[in-house]
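Structure, as structure tokens:
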Amino acid sequence: MGEFIAIRRDLHQIPELGFQEFKTQQYILNYIATLPQERIQIKTWRTGIFVRVLGTAPTKTIGYRADMDGLPIDEQTDVPFRSTHEGRMHACGHDMHMAIALGVLTYVVHHPICDDMLFIFQPAEEGPGGALPMLESDEMKQWMPDMILALHIAPQYPVGTIATKEGLLFANTSELFIDLIGKGGHAAFPHETKDMVVAASALIMQLQTIVSRNVNPLDSAVITVGKLTSGTVQNVIAERARLEGTIRTLSPEAMEKVKGRIEAIVRGIEVAYECEAHIDYGSMYYQVYNDETLTNEFMQFVEKETDVRLVRCQEAMTGEDFGYMLARIPGFMFWLGVQSPFGLHHAQLNPNEQAIDVAIQLLTRYVTWKGNHHAKEEER
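Okay, so the sequence shown: first residue is 37 according to this note's numbering, each after it adds one.
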């Protein structure tokens, strides 16, 4: 078993939710402390970490981001290194992401490149969103990279597959929480109540008309209500209902349109069912939009590599707060094939760990080429 597979397994056992990644942060800091320190500079930000590795003749800084948090999921795998934190799991591959980042970091410490590299270990990707506040932090402003990249594991692709595209890769996303407040009472006297089960049911059905009747058919959007909570017992009419869901669109304009329609429909529900309603959009993530020049350059680089296969993929309705970083810093994200029968956020997700070495080997070659290529350009 390789060193970075072992690191992934260690991290897999200690998943922590957003801005609670204390053990994870300490584990990463402890590992970095074992490396030669002459060219390493470290700043911490909340539960995140910035690690700058100084180049030999820097003209630019290459940024690399890895997310750190887990999900509130009970793991259902039988691996010997399963989560030791009850109700928490690395079900989105962030343990893999961190292990790969540490592998690349280790390489550039021992094999210096011309340019500086900034490794960003970002908390709270799953929520409430760590990328935007980290981007706006004084620490990052002091070490702002000139370009940035990141990867995300992809269970749907075989190991050895790199999938990406220029332009839009991941959707605009927003959480959706709607609370309805009416008047409860005995099931035998419905006329004296304001039934929020009925109101919530009507609201859910009306929300489904937004995509089919308000979004341009040539655009794309998704509104999913994944959780409905209401009532206490079978013979009491529910006073409250709570809908929890998600919105995903392929354009910021469509997101504005969808939210406007949600708000209009909710106002109608208030009138029709004589209730009070509150909307909370929770965490909102900006689209992941890959820089055309850098992405094409990376894709051409990958196509020349013999141990990986490039796939030009379609955009996905996946959400990723790395989009905030790409909105300000030129760069790109790509999918890394890990071949698992279970998808992201599934309690039985078990990525093929051989993908860790695939990613480290590819990325070390890429940043070595890119980091030294910058310096040669400056010389010219």
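Yeah, the Cβ is synthetic: ideal placement off N, Cα and C, and Gly gets one too.
Please read all numbers here as calculations on a predicted model, not as lab measurements.
Within a 10 Å sphere around the beta-carbon of Ala308 sit fewer than 16 other beta-carbons, which makes this residue exposed. Taking the Cα of Pro226 as reference, the smallest distance to any Cα among Phe213, Val272, Thr265, Leu216 is reached at Val272. Fully enclosed beta strand (DSSP E) runs of no fewer than 3 residues occupy 367 to 373 of the stretch 351 to 399, in order along the chain. Contact annotation: Leu205 and Asn326 have beta-carbon atoms nearer than 8 Å. Separation of the CB atoms of Ile85 and Ile76 is rounded to 11 Å, and the pair is thereby denied contact status at 8 Å. As the crow flies, the alpha-carbon of Ser376 is around 21 Å from that of Leu398. Contact check for Leu239 against Ile301 passes: the beta carbons are separated by less than 8 Å. Per the coordinates, the alpha-carbon of Leu212 lies some 14 Å from the alpha-carbon of Gln244. Shown here, Tyr322 sits in coil according to DSSP, grouped into three states, outside any helix or strand. Counting every other CB atom within 10 Å of its CB across the protein chains shown gives Pro169 a total of 16 or more, marking it as buried.
Between the stretch 175 to 194 and the stretch 268 to 286, the count of Cβ pairs shorter than 8 Å is below three; the stretches do not touch.
The straight-line gap separating the alpha-carbon atoms of His409 and His130 is approximately 30 Å.
Under DSSP, Asn208 takes part in a beta bridge, and its partners are Thr285.
In the structure shown, Ala160 falls within a coil segment according to DSSP collapsed to helix, strand and coil. For the pair Asp114 and Asp151, the Cα-to-Cα distance works out to about 43 Å.
With contacts defined by Cβ atoms closer than 8 Å, Leu154 and Thr97 form a contacting pair. Rounded to whole angstroms, the gap between the alpha carbons of Asn250 and Ser256 is 11 Å. Taking 8 Å as the cut-off, the beta carbon of Gly54 is found closer than this to the beta carbon of Asp105. Between the alpha carbons of Thr282 and Ile149 lies a distance of about 42 Å.
Assignment of Gly166 by DSSP, reduced to helix, strand and coil, places it in the coil class.
His222 sits exposed, since fewer than 16 C-beta atoms from the chains shown fall within 10 Å of its C-beta.
Using a Cβ distance threshold of 8 Å, Glu202 and Thr331 count as a contacting pair. As computed with DSSP, Leu254 is found in no beta bridge at all. Gln350 is classed as exposed because its beta carbon has fewer than 16 other beta carbons within 10 Å across all chains shown. Two segments are said to touch when three or more pairs of C-beta atoms, one from each, lie closer than 8 Å; by this definition the stretch 190 to 199 does not touch the stretch 107 to 123. Restricting attention to beta strand (DSSP E) runs no shorter than 3 residues, the stretch 73 to 143 encloses them at 76 to 81, 84 to 89, 97 to 103, ordered along the chain. Comparing alpha carbon positions, the residue from Gln323, Ile214, Val89, Pro51 closest to Glu356 is Gln323. Taking the Cα positions, Ala42 is about 20 Å away from Gln112. Listed as beta-bridge partners of Val307 by DSSP are no residues whatsoever. Remark: C-beta atoms of Arg284 and Asn208 approach each other more closely than 8 Å.
Listed as beta-bridge partners of Ala277 by DSSP are Leu216, Ser266. Between Phe358 and Arg348, the alpha-carbon positions lie close to 20 Å from each other. According to the DSSP assignment, Asp46 belongs to no beta strand (DSSP E) but to the alpha helix (DSSP H) extending over 39 to 48. Burial of Pro159 is indicated by the presence of at least 16 other C-beta atoms within 10 angstroms of its C-beta. Ranking His48, His146, Met335, Ile198 by CA distance to the CA of Cys128 puts His48 first.
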